[in-house]
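Reviewing the structure listed below.
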Amino acid sequence: MKDRISQDMKTAMKARDAERLSTLRMMLSELQYKEKEKGLAVDESAAVQVLQSMVRKRRDAAEQFEKGGRQDLVRKELAEITVIESYLPQQLTEDELRALVREAIVESGAGGVQQMGAVMKCCMPKVAGRSDGSTVSAIVKQELLSIQS
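Number 44 in numbering that gives the first Met the number 0 belongs to position 45 of the sequence shown; there are no gaps in the numbering.
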């Protein structure tokens with residue numbers, strides 16, 4: 000992934016695309032920081048986690064800027080999110096996610112919200128990198144509540 004980002008940085012430099020270049024530099028910096036922190040090369044799944052974290056931070060920032068009436072900064076954050084998301088795996092749709100959650104419920108034999116942890120443990124490896132944990136958690140809870148009813 001770092002190689003792809005580096006190549007895209009060169010392309011952005013040649014195209015004089017300052018916004019994209021800035022975001023790509025930030026991404027590369029975060030990945031290099033993670034490597035130094037761990038002391039080894041960042042694999043694909045760790046890189047995806049780093050990028051997802053960056054997207055989450057930017058969404059939160061955009062929300063705060065929206066509340067503060069700073070539309071210029073909201074646009075900047077959303078533009079950065081678009082660039083970062085282009086490096087993430089295709090996100091699952093809600094229907095695909097619900098199907099995976101239902102499979103996990105059957106696999107784990109869960110019968111209610113009390114077994115939510117077991118369902119999450121079964122579900123998260125299948126979802127890894129393709130959906131946010133809080134989204135998965137919300138859908139698992141909905142599905143388990145519908146089973147109890």
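Beta carbons are placed, not taken as given, at the ideal position from N, Cα and C, and that holds for glycine.
Limits of the alpha helix (DSSP H) - the one that P88 falls within | P88 -> no alpha helix (DSSP H), and no H or E assigned at all.
State the Cα-Cα distance for the pair L87 and D7, rounded to the nearest angstrom.
-> 15 Å
Report yes if the CB atom of E29 is closer than 8 Å to the CB atom of V49, and no otherwise.
-> yes
Using the C-alpha atoms, what's the distance from E43 back to K37?
-> 14 Å
Cα separation between Q113 and E102?
-> 17 Å
Using DSSP with H/G/I as helix, E/B as strand and the rest coil, what is T134?
-> helix
Cα-Cα separation between A62 and V135, rounded to whole angstroms | Residue 62 is actually Glu in this sequence, not Ala. Their backbone Cα atoms lie some 21 Å apart in a straight line.
Please classify T92: does DSSP put it in a helix, a strand, or coil?
-> coil
Counting only the same chain and skipping the five closest in sequence on each side, list residues whose C-beta sits under 6 Å from that of V41.
-> L30, K33 and E34
Mind checking L20: buried by the 16 CB within 10 Å criterion, or exposed?
-> buried
On a CA-only basis, which of L27, R15 and E18 is nearest R3? Give me that one, please.
-> L27
CB contact flag (R24, Q89, <8 Å) = no
Between the beta-carbon of L99 and the beta-carbon of K125, is there less than 8 Å?
-> yes
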